[in-house]
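Worksheet: one structure, shown below.
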(Lines of atoms letter the chains of each structure in order from A and count residues from 1; the text may use other names and numbers.)
(Lines give C-alpha, C1' and ligand atoms only; values in the text may rest on other atoms or scores of the structure.)
Protein backbone atom coordinates (compact mmCIF):
# COMPACT_ATOMS: atom_id res chain seq x y z
CA UNK A 1 0.00 0.00 0.00
CA UNK A 2 1.31 3.41 -0.94
CA UNK A 3 2.06 5.74 1.98
CA UNK A 4 0.27 9.07 1.63
CA UNK A 5 1.85 11.98 3.54
CA UNK A 6 0.15 15.30 4.31
CA UNK A 7 1.35 18.21 2.21
CA UNK A 8 2.16 20.60 5.01
CA UNK A 9 2.97 23.37 2.56
CA UNK A 10 -0.47 23.48 0.87
CA UNK A 11 -2.82 26.48 1.48
CA UNK A 12 -5.46 24.21 3.05
CA UNK A 13 -2.94 22.81 5.50
CA UNK A 14 -1.76 26.29 6.52
CA UNK A 15 -5.38 27.34 7.11
CA UNK A 16 -6.00 24.19 9.14
CA UNK A 17 -2.94 24.87 11.31
CA UNK A 18 -3.97 28.47 11.89
CA UNK A 19 -7.47 27.35 12.94
CA UNK A 20 -6.04 24.77 15.31
CA UNK A 21 -3.70 27.32 16.88
CA UNK A 22 -6.55 29.81 17.29
CA UNK A 23 -8.71 27.19 18.97
CA UNK A 24 -5.88 26.25 21.31
CA UNK A 25 -5.31 29.91 22.20
CA UNK A 26 -9.00 30.42 22.92
CA UNK A 27 -9.01 27.38 25.17
CA UNK A 28 -5.94 28.65 27.02
CA UNK A 29 -7.60 32.01 27.65
CA UNK A 30 -10.71 30.30 28.96
CA UNK A 31 -8.70 28.08 31.28
CA UNK A 32 -6.69 31.02 32.60
CA UNK A 33 -9.96 32.79 33.36
CA UNK A 34 -10.97 29.89 35.58
CA UNK A 35 -13.65 28.42 33.31
CA UNK A 36 -13.98 26.19 30.24
CA UNK A 37 -15.04 26.91 26.67
CA UNK A 38 -17.92 24.46 27.00
CA UNK A 39 -19.24 26.09 30.16
CA UNK A 40 -18.87 29.58 28.71
CA UNK A 41 -20.62 28.75 25.45
CA UNK A 42 -23.40 26.36 26.46
CA UNK A 43 -25.88 26.83 29.33
CA UNK A 44 -25.79 23.99 31.84
CA UNK A 45 -28.59 21.52 32.38
CA UNK A 46 -31.19 22.70 34.89
CA UNK A 47 -31.03 21.27 38.39
CA UNK A 48 -33.79 18.90 39.50
CA UNK A 49 -34.65 21.09 42.50
CA UNK A 50 -34.90 24.87 42.82
CA UNK A 51 -31.62 25.63 44.60
CA UNK A 52 -31.48 29.40 45.00
CA UNK A 53 -28.19 31.32 45.19
CA UNK A 54 -28.18 34.79 46.70
CA UNK A 55 -26.78 37.94 45.18
CA UNK A 56 -23.03 37.93 45.57
CA UNK A 57 -22.64 34.15 45.50
CA UNK A 58 -21.05 34.31 42.02
CA UNK A 59 -19.78 37.87 41.91
CA UNK A 60 -16.29 36.86 40.74
CA UNK A 61 -17.76 35.34 37.60
CA UNK A 62 -20.77 37.58 36.98
CA UNK A 63 -19.70 40.98 38.32
CA UNK A 64 -21.56 43.32 40.66
CA UNK A 65 -24.71 43.93 38.60
CA UNK A 66 -27.61 41.90 40.09
CA UNK A 67 -29.12 41.34 36.64
CA UNK A 68 -25.86 39.91 35.30
CA UNK A 69 -25.68 37.70 38.37
CA UNK A 70 -29.18 36.37 37.69
CA UNK A 71 -28.21 35.60 34.08
CA UNK A 72 -25.10 33.75 35.24
CA UNK A 73 -27.14 31.70 37.73
CA UNK A 74 -29.61 30.76 35.00
CA UNK A 75 -26.77 29.76 32.66
CA UNK A 76 -25.44 27.44 35.38
CA UNK A 77 -28.80 25.67 35.62
CA UNK A 78 -30.30 27.39 38.68
CA UNK A 79 -34.03 28.12 38.49
CA UNK A 80 -34.43 30.31 41.58
CA UNK A 81 -32.71 33.01 43.62
CA UNK A 82 -33.19 34.45 47.09
CA UNK A 83 -32.37 37.75 48.71
CA UNK A 84 -32.98 38.22 52.44
CA UNK A 85 -32.60 41.98 52.05
CA UNK A 86 -34.80 42.42 48.99
CA UNK A 87 -37.32 44.59 50.84
CA UNK A 88 -34.61 47.18 51.52
CA UNK A 89 -33.49 47.57 47.91
CA UNK A 90 -34.50 50.56 45.73
CA UNK A 91 -37.86 50.11 44.01
CA UNK A 92 -36.43 50.53 40.52
CA UNK A 93 -33.86 47.78 41.15
CA UNK A 94 -36.54 45.46 42.56
CA UNK A 95 -38.60 46.05 39.42
CA UNK A 96 -35.63 45.12 37.21
CA UNK A 97 -34.97 41.99 39.24
CA UNK A 98 -38.62 40.93 38.99
CA UNK A 99 -38.64 41.50 35.23
CA UNK A 100 -35.47 39.46 34.70
CA UNK A 101 -36.70 36.59 36.86
CA UNK A 102 -39.94 36.50 34.87
CA UNK A 103 -38.02 36.52 31.58
CA UNK A 104 -35.90 33.57 32.69
CA UNK A 105 -38.79 31.75 34.42
CA UNK A 106 -36.98 31.75 37.77
CA UNK A 107 -38.57 31.69 41.22
CA UNK A 108 -37.88 34.02 44.12
CA UNK A 109 -37.31 32.58 47.58
CA UNK A 110 -38.55 34.13 50.83
CA UNK A 111 -37.52 37.70 51.63
CA UNK A 112 -37.03 38.71 55.26
CA UNK A 113 -39.99 40.61 56.66
CA UNK A 114 -38.95 40.35 60.30
CA UNK A 115 -35.51 39.21 61.36
CA UNK A 116 -34.13 38.59 64.82
CA UNK A 117 -35.62 41.15 67.19
CA UNK A 118 -36.82 41.63 70.73
CA UNK A 119 -39.66 39.98 72.65
CA UNK A 120 -42.16 40.78 69.91
CA UNK A 121 -44.33 37.74 69.23
CA UNK A 122 -44.15 36.21 72.73
CA UNK A 123 -46.09 39.08 74.31
CA UNK A 124 -49.73 40.15 74.12
CA UNK A 125 -48.76 43.82 74.42
CA UNK A 126 -51.21 45.80 72.23
CA UNK A 127 -48.63 48.29 70.96
CA UNK A 128 -46.28 45.51 69.89
CA UNK A 129 -49.17 43.76 68.16
CA UNK A 130 -50.01 46.94 66.25
CA UNK A 131 -46.40 47.14 65.08
CA UNK A 132 -46.50 43.50 63.92
CA UNK A 133 -49.73 44.11 62.01
CA UNK A 134 -48.31 47.21 60.32
CA UNK A 135 -45.16 45.33 59.33
CA UNK A 136 -47.17 42.50 57.79
CA UNK A 137 -49.36 44.95 55.86
CA UNK A 138 -46.21 46.57 54.48
CA UNK A 139 -44.92 43.12 53.58
CA UNK A 140 -48.07 42.25 51.66
CA UNK A 141 -47.79 45.43 49.59
CA UNK A 142 -44.11 44.81 48.90
CA UNK A 143 -44.78 41.20 47.92
CA UNK A 144 -47.23 42.41 45.27
CA UNK A 145 -44.54 44.61 43.71
CA UNK A 146 -41.86 41.94 43.98
CA UNK A 147 -44.07 39.06 42.80
CA UNK A 148 -43.02 37.26 45.97
CA UNK A 149 -44.81 34.25 47.44
CA UNK A 150 -43.09 33.95 50.81
CA UNK A 151 -41.98 36.32 53.57
CA UNK A 152 -39.75 35.13 56.41
CA UNK A 153 -40.43 36.07 60.02
CA UNK A 154 -38.60 35.21 63.24
CA UNK A 155 -40.79 35.40 66.39
CA UNK A 156 -37.95 36.98 68.37
CA UNK A 157 -36.56 36.30 71.81
CA UNK A 158 -38.22 34.42 74.64
CA UNK A 159 -39.20 36.13 77.88
CA UNK A 160 -37.44 34.82 80.99
CA UNK A 161 -40.19 36.34 83.14
CA UNK A 162 -43.18 34.63 81.51
CA UNK A 163 -44.28 30.99 81.63
CA UNK A 164 -43.29 29.28 78.36
CA UNK A 165 -46.80 28.09 77.47
CA UNK A 166 -48.19 31.62 77.76
CA UNK A 167 -45.49 32.77 75.38
CA UNK A 168 -46.49 30.04 72.94
CA UNK A 169 -50.14 31.10 73.14
CA UNK A 170 -49.15 34.72 72.46
CA UNK A 171 -47.09 33.72 69.43
CA UNK A 172 -50.07 31.79 68.06
CA UNK A 173 -52.44 34.71 68.63
CA UNK A 174 -50.09 37.20 66.96
CA UNK A 175 -49.63 34.90 63.98
CA UNK A 176 -53.39 34.58 63.57
CA UNK A 177 -53.54 38.36 63.11
CA UNK A 178 -50.76 38.04 60.52
CA UNK A 179 -52.55 35.24 58.71
CA UNK A 180 -55.75 37.25 58.48
CA UNK A 181 -53.83 39.99 56.67
CA UNK A 182 -51.91 37.64 54.36
CA UNK A 183 -54.59 35.20 53.29
CA UNK A 184 -56.45 37.46 50.82
CA UNK A 185 -53.22 38.16 48.89
CA UNK A 186 -51.87 34.60 49.08
CA UNK A 187 -48.62 35.67 50.75
CA UNK A 188 -47.20 32.95 53.00
CA UNK A 189 -45.27 33.78 56.16
CA UNK A 190 -42.55 31.21 56.80
CA UNK A 191 -41.31 30.87 60.38
CA UNK A 192 -37.65 30.00 60.81
CA UNK A 193 -36.44 28.01 63.83
CA UNK A 194 -32.82 28.96 64.53
CA UNK A 195 -30.19 27.18 66.60
CA UNK A 196 -29.48 28.54 70.07
CA UNK A 197 -26.01 27.06 70.40
CA UNK A 198 -23.82 28.45 67.62
CA UNK A 199 -25.58 31.48 66.17
CA UNK A 200 -28.67 32.79 67.97
CA UNK A 201 -28.94 32.32 71.74
CA UNK A 202 -32.11 33.51 73.45
CA UNK A 203 -34.61 33.00 70.63
CA UNK A 204 -38.06 31.56 71.20
CA UNK A 205 -38.34 29.37 68.10
CA UNK A 206 -35.60 26.76 67.79
CA UNK A 207 -37.02 23.40 66.63
CA UNK A 208 -39.08 21.96 63.80
CA UNK A 209 -41.60 20.16 66.09
CA UNK A 210 -42.15 23.43 67.95
CA UNK A 211 -42.76 25.31 64.70
CA UNK A 212 -45.04 22.52 63.49
CA UNK A 213 -47.17 22.75 66.63
CA UNK A 214 -47.53 26.52 66.24
CA UNK A 215 -48.47 26.29 62.55
CA UNK A 216 -51.08 23.62 63.27
CA UNK A 217 -52.55 25.83 66.00
CA UNK A 218 -52.68 28.90 63.73
CA UNK A 219 -54.26 26.66 61.08
CA UNK A 220 -53.74 28.93 58.08
CA UNK A 221 -52.28 28.38 54.60
CA UNK A 222 -50.47 31.69 55.14
CA UNK A 223 -48.33 30.54 58.10
CA UNK A 224 -45.79 27.79 57.39
CA UNK A 225 -42.19 26.77 58.16
CA UNK A 226 -38.84 27.36 56.51
CA UNK A 227 -36.71 24.38 57.48
CA UNK A 228 -33.10 25.53 57.76
CA UNK A 229 -31.15 22.28 57.48
CA UNK A 230 -27.97 23.86 58.87
CA UNK A 231 -29.68 25.15 62.01
CA UNK A 232 -31.65 21.97 62.57
CA UNK A 233 -28.58 19.75 62.28
CA UNK A 234 -27.12 21.71 65.19
CA UNK A 235 -30.31 21.90 67.24
CA UNK A 236 -31.83 18.45 66.87
CA UNK A 237 -30.52 16.42 63.92
CA UNK A 238 -32.91 13.65 62.85
CA UNK A 239 -33.34 15.70 59.68
CA UNK A 240 -35.31 13.44 57.33
CA UNK A 241 -37.74 12.11 59.98
CA UNK A 242 -38.47 15.67 61.11
CA UNK A 243 -39.03 16.73 57.50
CA UNK A 244 -41.53 13.89 57.14
CA UNK A 245 -43.35 14.63 60.39
CA UNK A 246 -43.68 18.36 59.63
CA UNK A 247 -44.12 18.00 55.86
CA UNK A 248 -47.62 19.51 55.69
CA UNK A 249 -46.33 22.75 57.24
CA UNK A 250 -42.98 23.15 55.42
CA UNK A 251 -43.03 25.71 52.62
CA UNK A 252 -39.32 26.36 52.07
CA UNK A 253 -35.80 25.23 52.95
CA UNK A 254 -32.52 26.94 53.80
CA UNK A 255 -29.25 25.15 53.08
CA UNK A 256 -25.76 25.05 54.53
CA UNK A 257 -23.47 22.27 55.71
CA UNK A 258 -22.29 21.79 59.28
CA UNK A 259 -19.79 22.54 60.71
CA UNK A 260 -18.76 25.71 58.91
CA UNK A 261 -21.99 26.70 57.15
CA UNK A 262 -20.46 26.30 53.69
CA UNK A 263 -21.72 24.52 50.56
CA UNK A 264 -22.93 20.90 50.68
CA UNK A 265 -20.21 18.19 50.76
CA UNK A 266 -18.00 20.28 53.08
CA UNK A 267 -19.48 18.96 56.34
CA UNK A 268 -21.39 16.10 57.91
CA UNK A 269 -24.83 16.49 56.32
CA UNK A 270 -25.73 14.01 53.57
CA UNK A 271 -27.38 16.53 51.26
CA UNK A 272 -27.62 14.12 48.33
CA UNK A 273 -29.92 11.88 50.37
CA UNK A 274 -31.93 14.84 51.66
CA UNK A 275 -32.40 16.31 48.18
CA UNK A 276 -33.48 12.97 46.75
CA UNK A 277 -35.89 12.47 49.64
CA UNK A 278 -37.70 15.77 49.22
CA UNK A 279 -37.62 15.45 45.42
CA UNK A 280 -39.32 12.04 45.71
CA UNK A 281 -41.92 13.62 48.00
CA UNK A 282 -42.79 16.03 45.18
CA UNK A 283 -41.32 19.22 46.60
CA UNK A 284 -41.64 22.13 44.12
CA UNK A 285 -40.54 25.04 46.30
CA UNK A 286 -37.29 26.95 46.71
CA UNK A 287 -34.18 25.85 48.62
CA UNK A 288 -32.22 28.97 49.59
CA UNK A 289 -28.43 28.59 49.51
CA UNK A 290 -27.89 30.51 52.75
CA UNK A 291 -24.23 29.63 53.24
CA UNK A 292 -20.72 30.75 52.48
CA UNK A 293 -18.04 29.24 50.24
CA UNK A 294 -15.27 26.91 51.35
CA UNK A 295 -12.76 28.50 48.93
CA UNK A 296 -12.06 32.02 47.73
CA UNK A 297 -12.42 33.57 44.30
CA UNK A 298 -13.61 31.92 41.12
CA UNK A 299 -12.38 28.55 42.35
CA UNK A 300 -14.68 28.82 45.34
CA UNK A 301 -17.65 29.81 43.20
CA UNK A 302 -17.11 26.85 40.88
CA UNK A 303 -16.76 24.57 43.92
CA UNK A 304 -20.26 25.62 45.00
CA UNK A 305 -21.74 24.79 41.59
CA UNK A 306 -19.91 21.46 41.46
CA UNK A 307 -21.13 20.56 44.97
CA UNK A 308 -24.74 21.12 43.95
CA UNK A 309 -24.19 19.14 40.74
CA UNK A 310 -22.87 16.24 42.81
CA UNK A 311 -25.74 16.35 45.34
CA UNK A 312 -28.35 16.78 42.59
CA UNK A 313 -27.09 13.64 40.82
CA UNK A 314 -29.64 11.14 42.08
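In this note's numbering, the protein residues as written are 111 to 424.
Just so you know, even glycine gets a beta-carbon here, dropped at the ideal spot from N, CA and C.
None of the values given here were measured: they were computed from a predicted structure.
Start and end residues, beta strand (DSSP E) containing residue i
{"i": "residue 222", "result": "221 to 224"}
{"i": "residue 333", "result": "333 to 338"}
{"i": "residue 364", "result": "360 to 364"}
{"i": "residue 260", "result": "260 to 263"}
Classification of residue i by the beta-carbon crowding that lies within 10 angstroms, buried from 16 upward
{"i": "residue 424", "result": "exposed"}
{"i": "residue 212", "result": "exposed"}
{"i": "residue 322", "result": "buried"}
{"i": "residue 138", "result": "The predicted model places residue 138 with a pLDDT of 37, which falls under 50 and marks its position as unreliable, so this point remains unresolved."}
{"i": "residue 420", "result": "exposed"}
{"i": "residue 161", "result": "buried"}
{"i": "residue 338", "result": "buried"}
{"i": "residue 274", "result": "exposed"}
{"i": "residue 409", "result": "exposed"}
{"i": "residue 358", "result": "exposed"}
{"i": "residue 230", "result": "buried"}
{"i": "residue 219", "result": "buried"}
Beta bridge counterpart(s) of residue i as assigned by DSSP
{"i": "residue 267", "result": "313"}
{"i": "residue 398", "result": "162, 364"}
Range covered by the alpha helix (DSSP H) that runs through residue i
{"i": "residue 297", "result": "No alpha helix (DSSP H) holds residue 297; DSSP gives it neither H nor E."}
{"i": "residue 412", "result": "407 to 421"}
{"i": "residue 272", "result": "It is not in any alpha helix (DSSP H) - residue 272 carries neither H nor E in the DSSP assignment."}
{"i": "residue 168", "result": "Premise fails: residue 168 is in no alpha helix (DSSP H) and is neither H nor E."}
{"i": "residue 236", "result": "236 to 256"}
{"i": "residue 326", "result": "318 to 328"}
{"i": "residue 351", "result": "349 to 355"}
{"i": "residue 380", "result": "Here residue 380 belongs to no alpha helix (DSSP H), and DSSP marks it neither H nor E."}
Distance cut-off 6 angstroms: residue i Cβ against heavy atoms of the ligand FAD
{"i": "residue 329", "result": "As presented, the structure is devoid of all ligands, the ligand FAD included, so that no description of it is given."}
Quiz item: Does the segment 203 to 219 touch the segment 163 to 177, meaning 3 or more C-beta pairs lie closer than 8 angstroms?
Solution: yes
Self-check item: the segment 333 to 340 touching the segment 182 to 191, judged by at least three CB pairs closer than 8 angstroms
Solution: no
Self-check item: contact_flag[the segment 258 to 268, the segment 218 to 226] where n(CB pairs < 8 angstroms) is 3 or more
Solution: yes
Practice problem: Taking 8 angstroms as the threshold, find out whether the segment 370 to 382 comes into contact with the segment 311 to 327 through three or more Cβ pairs. | Solution: No, they do not touch.
Self-check item: Minimum length 4: unbroken alpha helix (DSSP H) runs contained in the segment 185 to 234
Solution: 201 to 214
Quiz item: Is it a yes or a no for the segment 382 to 401 touching the segment 352 to 365, going by three-plus beta-carbon pairs under 8 angstroms?
Solution: yes
Practice problem: Could you say if the segment 234 to 241 and the segment 403 to 423 meet the contact criterion of at least three C-beta pairs nearer than 8 angstroms? | Solution: no
Practice problem: Answer yes if the segment 240 to 255 comes into contact with the segment 278 to 291, meaning at least three C-beta pairs across the two stretches below 8 angstroms, and no otherwise. | Solution: yes
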